[in-house]
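Trainee: First the structure, then my questions, so here it is.
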Amino acid sequence: MKERLDSILSEGKKIIEQAKTLVELQDVKAFLLGKQGSLAEIFKEIPKLDVSLRPEIGRLAYNLKEQLVSRLDSRREEIQLKSSEISENFDFTVPGVSPLSGSLHPITQMCYDLNDAFRSMGFEIFEESEITSELYAFDKLNFPPEHPARDSMDTYWLAGHDTGSPETKLCLRPHLTGASVRYLQTHKPPYRFVYPGRVYRNESTDARHERAFYQYEALIVDRNLTFSAGKIMVESILSKVFGRKVSTRMRVGFFPFVEPGFEIDMNCLVCGGTGCSVCKHVGWIEIMPGGMPHPNVLRAGGLDPSEFTGFYINIGLDRLVMMRYGVDDIRLFHSSDLRFLKQFN
Ligand SMILES: [Zn+2]
């Protein structure tokens, strides 16, 4: 029996040293110490030995087991250490694989650029919930009751909230302007603030229209505010965003919440004003509506229209981004197509 134990030990040491990988070592361990292993046979036979021999053989067998376990442990450490060493064949000059890095969506980047430009001119950034009420979407903005924009063809009304009261009849905001009234109600004049965000319209989509799109509105309200101060603000912002001088022109426009209202065009940056396909050969691009807040809107915000005047603009973020990168289909920006979006990294 002692000879068998000696032979298990010498054979065990040999095959442990021969194991080159952790998998091989696992097999060796099973062979030596497993339920069907050679040592297990010895333990099974001990009860059958003469009583006088059992204590000594038992002690030797346990001792052998401990030696094998210790050998297996140190061999495992050796294999692990070796596998973590850098091979002498390792080529440090082969270029590595650079990790994938994300980037801001071009619309988000434009929004941040506008935020920076407005902040540098002393504006506050104001954000509000995308769900609003009929009261703030229409009533407080001087929309007459029969105005077509109130029709469900344009606005997404929330099911189960058609309560009959404009205050609790809820919708996805069809525009941002309602947020301005809430801001006027909760802050003290004079006001200089912007309110960016996504708005929703139930419209058919085409190259220039999406059902969900971004707006970026800015409002100044002050005593003795002049119209030209507003125009200068618009040109300063656009020049900062595009990094070159931008001129604007204004044409008469109509929106219920402004009086007077106008459409602001900027000179086409693609052709420099000489005419191209982007500007439909007129040299100007319609970039945003604007106007002076209607007296009823100022009243809804708690201001006296005989004391305060304002200047309001609604910047089409998508339109500006299209202009910045010369992309002519708005739907590409909302497509989540990484092949398209990675171009702006
Ligand atoms: Zn042009």
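First residue of the sequence shown? That's 49 in my numbering, and the numbers climb one at a time after it.
Even glycine gets a Cβ: it sits at the ideal position worked out from N, Cα and C.
#1: Check F302 in the structure and name its three-state DSSP category.
#2: Give a yes or no on whether the C-beta atoms belonging to L189 and E215 are separated by under 8 angstroms.
#3: Check whether the region 142–150 touches the region 173–181, counting contact only when three or more Cβ pairs, one atom from each stretch, lie closer than 8 angstroms.
#4: Opposite G8 in the DSSP bridges: which residues?
#5: I'd like the span of the beta strand (DSSP E) that includes S58, first residue to last.
#6: How big is the Cα-Cα spacing for A165 and F186?
#7: In the DSSP assignment, what are the bridge partners of G338?
#8: Taking 8 angstroms as the threshold (C-beta atoms), are G278 and F174 in contact?
#9: Based on the DSSP output, what are the partners of C219 in its beta bridges?
#10: Please state the DSSP three-state secondary structure of I333.
#11: Select from G321, R379, S100, K92 the residue whose C-alpha is nearest the C-alpha of V294.
#12: Considering only heavy atoms of ligand 1, does any lie closer than 7 angstroms to the CB of V318?
#13: Could you give the residue range of the alpha helix (DSSP H) that holds Q84?
#14: Secondary structure at V269, three-state DSSP: helix, strand or coil?
#15: State the CB to CB distance for the pair L116 and L80, rounded to an integer number of angstroms; the pair is presumed to be in contact (CB under 8 angstroms).
#16: Using the Cβ count rule (16 or more neighbours within 10 Å means buried), how would you classify K390?
#17: Based on the DSSP output, what are the partners of T296 in its beta bridges?
#18: To the nearest angstrom, report how far apart A427 and S132 are at their CA atoms.
#19: What residue from R123, L368, R271, Y204 has the CA that sits closest to Y248's CA?
#20: Can you tell me whether I134 is helix, strand or coil according to DSSP?
#21: Quick one: Cα of R230 to Cα of E283, how far?
#22: Span of the alpha helix (DSSP H) holding T274?
#23: Whole angstroms are fine: how far does the CA of D313 sit from the CA of C159?
#24: Could you check the C-alpha separation between G208 and H223 for me, to the nearest Å?
#25: In terms of residues, what are the limits of the alpha helix (DSSP H) holding C159?
#26: Please classify E172: does DSSP put it in a helix, a strand, or coil?
#27: Taking a contact to mean a Cβ-Cβ separation below 8 angstroms, would you say L162 touches I285 in this structure?
#28: Going by the beta-carbon positions, is the gap between L120 and I64 smaller than 8 angstroms?
#29: Terminal residues of the continuous alpha helix (DSSP H) containing V345?
#30: Give the C-beta separation of V306 and H342 to the nearest angstrom, bearing in mind that I take them to be a contact with Cβ-Cβ under 8 angstroms.
#31: Just to confirm, does G170 get its C-beta within under 7 angstroms of one of the non-hydrogen atoms of ligand 1?
#32: Report all residues from its chain with a CB closer than 7 angstroms to the CB of L258; omit the five preceding and five following residues, and keep chain order.
#33: Between the alpha carbons of E59 and G85, how many angstroms are there, rounded?
#34: Compare the beta carbon distance of Q331 and N362 with 8 angstroms and say whether it is the shorter of the two.
Mentor: Let me spell this out:
#1: coil
#2: no
#3: no
#4: The requested residue 8 is not part of the displayed model; the chain covers only 49 to 393.
#5: Careful: S58 lies outside any beta strand (DSSP E), inside the alpha helix (DSSP H) at 50–66.
#6: 30 angstroms
#7: F310, I361
#8: no
#9: T180, W205
#10: In the structure shown, I333 sits in a strand (DSSP, three-state: E or B).
#11: When each option's Cα is compared against that of V294, the closest is G321.
#12: yes
#13: Per DSSP, Q84 belongs to no alpha helix (DSSP H) and is neither H nor E.
#14: strand
#15: Sure, about 5 angstroms apart at Cβ, within 8 angstroms.
#16: exposed
#17: Answer is M314, bridged to T296.
#18: Outside the displayed range of the chain (49 to 393) lies residue 427, so it cannot be described from this structure.
#19: Nearest C-alpha to Y248: Y204.
#20: coil
#21: 27 angstroms
#22: Per DSSP, T274 belongs to no alpha helix (DSSP H) and is neither H nor E.
#23: 19 angstroms
#24: 21 angstroms
#25: 154–167
#26: In the three-state reduction of the DSSP assignment, E172 falls in the strand class.
#27: yes
#28: If you check the CB distance, L120 and I64 come in under 8 angstroms.
#29: 343–348
#30: With 8 angstroms as the limit, V306 and H342 qualify as a contact, their Cβ atoms being about 6 angstroms apart.
#31: no
#32: In the sequence as displayed, the identity of residue 258 is Glu instead of Leu. Taken in chain order, the residues that qualify are I378, R379, H382.
#33: In a straight line, the C-alpha of E59 is about 13 angstroms away from that of G85.
#34: The displayed chain sequence assigns Gly, not Gln, to residue 331. Taking 8 angstroms as the Cβ cut-off, G331 and N362 do not qualify as a contacting pair.
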